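**Student:** Under the working numbering, residues 5 to 280 are what the sequence shown spells out, in order. For each residue, glycine too, the CB sits at the ideal point set by N, CA and C. Note that this is a predicted model, so its numbers are computed, not measured.
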Amino acid sequence: MRPARHPDPLRTDTVSMPVPVIASAPKMPASLRVSMYLRCLAIQGSWNYEILVGNGVGFCVEPALRQLPGGIGGQPYRDALARQSVYFNAHPYLAALAIGALARAEVEQVAPERIERFRTALCGPLGSVGDRLVWAAWLPACSLVALLLFGAGASALAVVLGFLIVYNVGHLGLRDWALRAGWRHGLRVAIALGHPVLQHGPRYIGLVSAVLGGLALPLAVHRAIGGPAPLAPIPVGVAVVTPLLAVLLVRLQGRAEGWRVVLLLLAAFVLYSVVR
Numbered sequence: 005m006r007p008a009r010h011p012d013p014l015r016t017d018t019v020s021m022p023v024p025v026i027a028s029a030p031k032m033p034a035s036l037r038v039s040m041y042l043r044c045l046a047i048q049g050s051w052n053y054e055i056l057v058g059n060g061v062g063f064c065v066e067p068a069l070r071q072l073p074g075g076i077g078g079q080p081y082r083d084a085l086a087r088q089s090v091y092f093n094a095h096p097y098l099a100a101l102a103i104g105a106l107a108r109a110e111v112e113q114v115a116p117e118r119i120e121r122f123r124t125a126l127c128g129p130l131g132s133v134g135d136r137l138v139w140a141a142w143l144p145a146c147s148l149v150a151l152l153l154f155g156a157g158a159s160a161l162a163v164v165l166g167f168l169i170v171y172n173v174g175h176l177g178l179r180d181w182a183l184r185a186g187w188r189h190g191l192r193v194a195i196a197l198g199h200p201v202l203q204h205g206p207r208y209i210g211l212v213s214a215v216l217g218g219l220a221l222p223l224a225v226h227r228a229i230g231g232p233a234p235l236a237p238i239p240v241g242v243a244v245v246t247p248l249l250a251v252l253l254v255r256l257q258g259r260a261e262g263w264r265v266v267l268l269l270l271a272a273f274v275l276y277s278v279v280r
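Structure, rendered in structure tokens:
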């Protein structure tokens with residue numbers, strides 16, 4: 005007897021009715037893309053506890069719905085807008101992936117019941133993938149970049165601008181990619197959810213964050229306590245040794261006990277204080 009197969013949570017084509025394979029996506033007009041993208045920036049403007057970002061999704065998809073027969077005065081437009089303005093929950097940045105896919109499905113006049121099932125299936129994957137990539141990986145990494153700037157002696161304005169520039173380049177780029185990928189893949193948007201950046205990005209960003217933390221924390225503490233110039237030999241040496249020590253501890257996992265390493269470091273600091 006063959007073992008039972010469990011559906012993949014990232015697959016959105018596991019409904020009873022097969023999803024038609026479309027050879028190529030219709031081209032998204034530049035004006036439509038800009039309009040939907042700008043609206044995505046305000047997707048949480050009507051957030052509420054009842055339908056969460058449902059109204060926001062309807063607001064973002066609306067420019068595409070104007071292409072339906074009859075325009076904004078037609079019944080297809082009204083039905084589609086009502087269908088897209090119900091409960092929806094996803095990460096606000098990756099919601100653009102659903103918006104692009106739903107807009108294409110509505111423009112191609114896919115059966116309403118199929119759109120509703122597809123829309124419901126997107127909530128879980130877009131929420132979990134977005135939280136891991138943005139809140140748990142990208143946001144902490146950008147915060148550490150700002151902390152590193154502070155430790156290096158940057159002004160308060162430079163620290164704030166550094167954080168805003170790095171963070172917004174990432175999240176605005178993610179929204180743009182998600183919108184284009186959603187429109188390109190349509191109901192096959194699970195292909196986009198398998199993108200290496202979404203699947204492996206959090207792990208690699210986490211590794212970079214570990215190095216950034218090792219560099220930023222000693223420099224920031226040194227500046228906060230009123231130490232000499234941040235590029236003096238001692239703080240620079242500490243900043244360089246800290247990430248190297250972190251890598252060494254990972255390598256020695258299972259072969260060196262943490263308390264022994266801490267005692268060794270304390271002995272080194274005491275010896276340095278005495279010699280100095």
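Kindly list the residues whose CB is nearer than 7 Å to the CB of residue 195, restricted to its own chain and excluding five residues on each side of it in sequence; keep chain order.
**Tutor:** Counting from 1 along the sequence shown, the entry for residue 195 is found at position 191. Counting only Cβ-Cβ distances below 7 Å, and skipping sequence neighbours, we find 189.
**Student:** In terms of residue numbering, what span does the alpha helix (DSSP H) encompassing residue 209 cover?
**Tutor:** Taking the sequence shown and counting its residues from 1, one reaches residue 209 at position 205. That run of the alpha helix (DSSP H) goes 200-228.
**Student:** Assuming residue 217 and residue 153 are in contact, meaning their beta carbons sit under 8 Å apart, how far apart are those beta carbons, in whole angstroms?
**Tutor:** The sequence position of residue 217 within the sequence shown is 213, counting from 1. The sequence position of residue 153 within the sequence shown is 149, counting from 1. Actually they do not touch by this definition, with Cβ atoms about 14 Å apart.
**Student:** Can you have a look at residue 172 and say buried or exposed, based on whether 16 or more other CB atoms are within 10 angstroms of its CB?
**Tutor:** In the sequence shown, residue 172 corresponds to position 168, counting from 1. Exposed, by the Cβ-count rule.
**Student:** Between the stretch 116-131 and the stretch 166-181, are three or more C-beta pairs nearer than 8 Å?
**Tutor:** No contact exists between the stretch 116-131 and the stretch 166-181.
**Student:** Please state if the CB of residue 48 and the CB of residue 111 are separated by a distance shorter than 7 Å.
**Tutor:** Your numbering for residue 111 matches position 107 in the sequence shown. Your numbering for residue 48 matches position 44 in the sequence shown. No, they are not a contact pair.
**Student:** Give a yes or no on whether the C-beta atoms belonging to residue 84 and residue 155 are separated by under 7 Å.
**Tutor:** Within the sequence shown, residue 84 is the residue found at index 80, counting from 1. Within the sequence shown, residue 155 is the residue found at index 151, counting from 1. No; because the gap between Cβ atoms is not below 7 Å, this pair is not in contact.
**Student:** Quick check on DSSP: helix, strand or coil for residue 56?
**Tutor:** Along the sequence shown, one-based indexing puts residue 56 at 52. Three-state DSSP puts residue 56 in a strand.
**Student:** Where residue 210 and residue 82 are concerned, what is the direct C-alpha to C-alpha distance, given to the nearest angstrom?
**Tutor:** The sequence position of residue 210 within the sequence shown is 206, counting from 1. The sequence position of residue 82 within the sequence shown is 78, counting from 1. Cα atoms of residue 210 and residue 82: separation of roughly 45 Å, rounded to the nearest angstrom.
**Student:** Can you tell me which of 119, 174, 140 and 228 puts its alpha carbon nearest to the alpha carbon of residue 89?
**Tutor:** To locate residue 89, count along the sequence shown from 1; it is residue 85. Among 119, 174, 140 and 228, the Cα nearest to that of residue 89 belongs to 119.
**Student:** Let's see if you can read the secondary structure: which residues bound the alpha helix (DSSP H) around residue 122?
**Tutor:** As a working note, residue 122 is residue 118 in the sequence shown. Looking at the DSSP string, the run of the alpha helix (DSSP H) that includes residue 122 is 116-134.
**Student:** Looking at residue 97: is its Cβ nearer than 7 Å to the Cβ of residue 175?
**Tutor:** The residue you call residue 97 lines up with position 93 of the sequence shown. The residue you call residue 175 lines up with position 171 of the sequence shown. Yes, Cβ-Cβ distance for residue 97 and residue 175 is below 7 Å.
**Student:** Roughly how many whole angstroms lie between the Cα atoms of residue 144 and residue 224?
**Tutor:** By 1-based counting over the sequence shown, the position of residue 144 is 140. By 1-based counting over the sequence shown, the position of residue 224 is 220. Whole-angstrom Cα-Cα distance: 16 Å.
**Student:** Beta-carbon separation of residue 100 and residue 182 under 7 Å?
**Tutor:** For this step, residue 100 is matched to residue 96 along the sequence shown. For this step, residue 182 is matched to residue 178 along the sequence shown. Contact flag set, yes.
**Student:** Assign residue 1 to one of two classes, buried (16 or more other C-beta atoms within 10 Å of its C-beta) or exposed (fewer than that).
**Tutor:** The shown model of the chain, from 5 to 280, leaves out residue 1, and the question about it has no answer.
**Student:** Expressed to the nearest angstrom, what Euclidean distance is found between the alpha-carbon atoms of residue 35 and residue 41?
**Tutor:** Within the sequence shown, the letter at position 31 stands for residue 35. Within the sequence shown, the letter at position 37 stands for residue 41. Spanning the two alpha carbons is a distance of roughly 10 Å.
**Student:** Alpha carbon to alpha carbon, how far is residue 228 from residue 69? Give it in angstroms, no decimals.
**Tutor:** Reading the sequence shown from its first residue, position 65 is the one you call residue 69. Reading the sequence shown from its first residue, position 224 is the one you call residue 228. So the alpha carbons of these two residues sit roughly 55 Å apart.
**Student:** Taking just the CA atoms, how far does residue 138 sit from residue 212?
**Tutor:** Numbered from 1 along the sequence shown, position 208 holds the residue referred to as residue 212. Numbered from 1 along the sequence shown, position 134 holds the residue referred to as residue 138. Take the alpha-carbon of residue 212 and the one of residue 138: they are about 14 Å apart.
**Student:** Pick from 191, 184, 215 and 178: whose alpha carbon is nearest that of residue 202?
**Tutor:** The count along the sequence shown starts at 1 and reaches residue 202 at position 198. Considering only alpha carbons, the answer is 178.
**Student:** Taking the CB atoms as reference points, tell me whether residue 63 and residue 43 lie closer together than 7 Å.
**Tutor:** By one-based count along the sequence shown, residue 63 stands at place 59. By one-based count along the sequence shown, residue 43 stands at place 39. For residue 63 and residue 43, yes; Cβs fall inside 7 Å.
**Student:** Given a threshold of 16 other Cβ atoms within 10 Å of its Cβ, counted over all protein chains shown, does residue 230 qualify as buried or as exposed?
**Tutor:** Within the sequence shown, residue 230 is the residue found at index 226, counting from 1. Its Cβ having fewer than 16 others within 10 Å, residue 230 is exposed.
**Student:** Am I right that residue 191 and residue 122 are in contact with their C-beta atoms under 8 Å? What's the rounded C-beta distance?
**Tutor:** The residue you call residue 191 lines up with position 187 of the sequence shown. The residue you call residue 122 lines up with position 118 of the sequence shown. Contact flag correct, Cβ pair sits at about 6 Å.
**Student:** Kindly give me the distance between the Cβ atoms of residue 94 and residue 38, rounded to whole angstroms, as I take these residues to be in contact under 8 Å.
**Tutor:** Mapped onto the sequence shown, residue 94 falls at position 90. Mapped onto the sequence shown, residue 38 falls at position 34. Their Cβ separation, rounded to whole angstroms, is 22 Å, which puts residue 94 and residue 38 out of contact at 8 Å.
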